[in-house]
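Each residue of the sequence shown is one higher than the one before, starting from 1498 at the first, in this note's numbering. The beta-carbon is built from N, C-alpha and C at its ideal position, and this holds for glycine as well.
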Amino acid sequence: MATTLSNLRLVCGTTHHAMAATIAAVLSCEFTTAEVERFPDGELCPRVGNVRGDDVFVIAPTGSPASEHLVELLLLVDACGRGGAARITAVMPYFAYARQDRRTRSGEAVGARVVADALVAAGAQRVVVVDPHTTALEAMCGVPTEMITAVPVLARALRADLSADAVVVAPDLGAVKLARRYSTLLQRPLAIVSKTRVSAEQVTAEGLVGDVTDRTAVIVDDMISTGATIKAAARLVLDNGGRAGIIVAATHGLLVGPACQRLEAASNGIGSLLVTDSVPPVYRAGLYVEVHTISGLLADAIGRLHSDQDLDELLMQS
């Protein structure tokens, strides 16, 4: 038997109160902001209200500082379980550590698997993520993991002002499937950049497959962290005859460290950046950042899951 919306409850901590409040308003459901006490040594101690018998969705993106926000999420999930919640779903608009989905050299950890195991150990019975860096996340997690996509949200925003000669650009081979989705939705051709990562903050773009000559490039990716990959791809587009005024679109605008300075540099030819509010938006003078909310997408997913309905059209394409 399907559950009813009467016992749906949203819980959030300190990470993205605005998003949680908006989702609660869309669903007209109970919304609880947990009290999060911080001890002098940095330990977090969340306390949730009465959730006994409720279908609880803990909304917690794990953006910067990722480790602290992850620990807060784990403690919130545990608190809800100990408080008698009937079912607990961890809603992670941004899933930290997803880039660590395999070892690239001896001695490394598989961070994505560690986080997935920790969520299950804390008591999460289901996980919802938006455009994770790896689709292998579903196989790593011991509970049902719903991977939904914000690509249609950003594609609608791009379509409004996109020139007829625009070309979608994947900034590396890992973004090709994502770029193909944008290419299909926008009905624009696709170009692909090949890159080599030198370090966490240094990337070399080595070649480009596809025609960008005298075209407006739309560089798309799942996330922008330091901006090194986007900067290298933009430079290569310009070197291959692409127009200045490059558009960049990414689901997760982490924009940490030197990212804003890199992307706002005039030499990059980047004209605008579109991101979602999967993490609280970062604003920077000199860089035009257009933020599009995914609250409606998440509200739709949460409402469907609570009512035991399919999420088919919301899911990422494999």
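Does DSSP put I1743 in a helix, a strand or coil? Here residue 1743 refers to the residue found at position 246 when the sequence shown is read from its first residue. In the structure shown, I1743 falls within a strand segment according to DSSP collapsed to helix, strand and coil.
Proximity winner among D1575, D1669, H1513, V1548, relative to E1527 (alpha-carbon distances): The count along the sequence shown starts at 1 and reaches residue 1527 at position 30. Just measuring C-alpha positions, the residue of D1575, D1669, H1513, V1548 sitting nearest E1527 is V1548.
Can you tell me the Cβ-Cβ gap for L1794 and I1645, rounded? I've got them flagged as a contact below 8 Å. The residue given as residue 1794 occupies position 297 in the sequence shown. The residue given as residue 1645 occupies position 148 in the sequence shown. Yes, they are in contact, since the Cβ atoms of L1794 and I1645 sit about 7 Å apart, within 8 Å.
Compare the beta carbon distance of A1667 and A1688 with 9 Å and say whether it is the shorter of the two. For this step, residue 1667 is matched to residue 170 along the sequence shown. For this step, residue 1688 is matched to residue 191 along the sequence shown. Yes, they are a contact pair.
Return the first residue and the last residue of the beta strand (DSSP E) that F1789 is part of. In the sequence shown, residue 1789 corresponds to position 292, counting from 1. Looking at the sequence provided, one finds His at residue 1789 rather than Phe. First-last of the beta strand (DSSP E) with H1789: 1786-1789.
Note down the Cα distance separating V1695 from R1535, rounded to an integer number of angstroms. For this step, residue 1695 is matched to residue 198 along the sequence shown. For this step, residue 1535 is matched to residue 38 along the sequence shown. Since pLDDT at V1695 reaches only 46, below the 50 mark, its modelled position is unreliable, and no value is offered.
Alpha-carbon spacing of H1772 relative to Y1785, whole angstroms: Locating residue 1772 in the sequence shown gives position 275, where the first residue counts as 1. Locating residue 1785 in the sequence shown gives position 288, where the first residue counts as 1. It should be noted that the sequence gives Val, not His, for residue 1772. For V1772 and Y1785, the gap between their C-alpha atoms comes out near 11 Å.
Could you tell me which residues DSSP pairs with M1644 in its beta bridges? Looking up residue 1644 in the sequence shown gives position 147. Among the bridge pairs identified by DSSP, M1644 is matched with V1626.
Can you give the Cα-Cα distance for V1607 and L1675, rounded to whole angstroms? As a position in the sequence shown, residue 1607 is number 110, starting the count at 1. As a position in the sequence shown, residue 1675 is number 178, starting the count at 1. Straight-line measurement puts the Cα of L1675 at about 23 Å from the Cα of V1607.
P1543 by DSSP, collapsed to three states: which one? Reading the sequence shown from its first residue, position 46 is the one you call residue 1543. DSSP places P1543 in the strand class (E or B) of the three-state scheme.
Would you call the CB atoms of H1789 and G1560 closer than 9 Å? Start at 1 with the first residue of the sequence shown, and residue 1789 comes out as number 292. Start at 1 with the first residue of the sequence shown, and residue 1560 comes out as number 63. Between H1789 and G1560, the C-beta spacing is not below 9 Å.
Do the stretch 1678-1688 and the stretch 1632-1642 meet, that is, are 3 or more Cβ pairs less than 8 Å apart? Segment contact: the stretch 1678-1688 against the stretch 1632-1642, fewer than three CB-CB distances shorter than 8 Å; contact not assigned.
Coarse secondary structure for T1500, derived from DSSP in three states: Position 3 of the sequence shown, counted from the first residue, corresponds to residue 1500. With a pLDDT of 42 at T1500, under the threshold of 50, the modelled position of that residue is not reliable, and the figure given next carries that caveat. Coil at T1500, not helix or strand.
Report the CB separation of V1533 from L1567 in whole angstroms; it is logged as a contact under 8 Å. Within the sequence shown, numbered from 1, the residue matching residue 1533 stands at position 36. Within the sequence shown, numbered from 1, the residue matching residue 1567 stands at position 70. Incorrect: roughly 14 Å between the Cβ atoms, too far for contact.
Give me the DSSP bridge partner(s) of G1750. The count along the sequence shown starts at 1 and reaches residue 1750 at position 253. Beta-bridge pairing links G1750 to I1721.
Backbone CA spacing between A1618 and T1586 [nearest angstrom]: Here residue 1618 is taken as the residue at index 121 of the sequence shown, counted from 1. Here residue 1586 is taken as the residue at index 89 of the sequence shown, counted from 1. Between A1618 and T1586, the C-alpha separation is close to 13 Å.
If V1717 and A1747 are in contact, beta carbons under 8 Å, what's the gap, nearest whole angstrom? In the sequence shown, residue 1717 corresponds to position 220, counting from 1. In the sequence shown, residue 1747 corresponds to position 250, counting from 1. That pair is a contact at about 7 Å.
Nearest to V1745 (by Cα), restricted to the options D1736, S1769, R1732: Counting from one through the sequence shown, the residue named residue 1745 turns up at place 248. Selected option, being the one with the closest Cα: S1769.
What residues in its chain sit with their C-beta under 7 Å from that of S1792, if we drop five residues either side in the sequence? Taking the first residue of the sequence shown as position 1, residue 1792 is located at position 295. Its chain contains M1516, T1519, I1520, V1523 as the residues whose beta carbon lies nearer than 7 Å to that of S1792, once the 5 sequence neighbours on both sides are disregarded; these appear in chain order.
Strand pairing of T1530, partner residues [DSSP]: Mapped onto the sequence shown, residue 1530 falls at position 33. Beta-bridge pairing links T1530 to C1509.
For G1581, which of helix, strand or coil comes out of DSSP? Here the question's residue 1581 lines up with position 84 in the sequence shown. The DSSP-derived three-state label of G1581 is coil.
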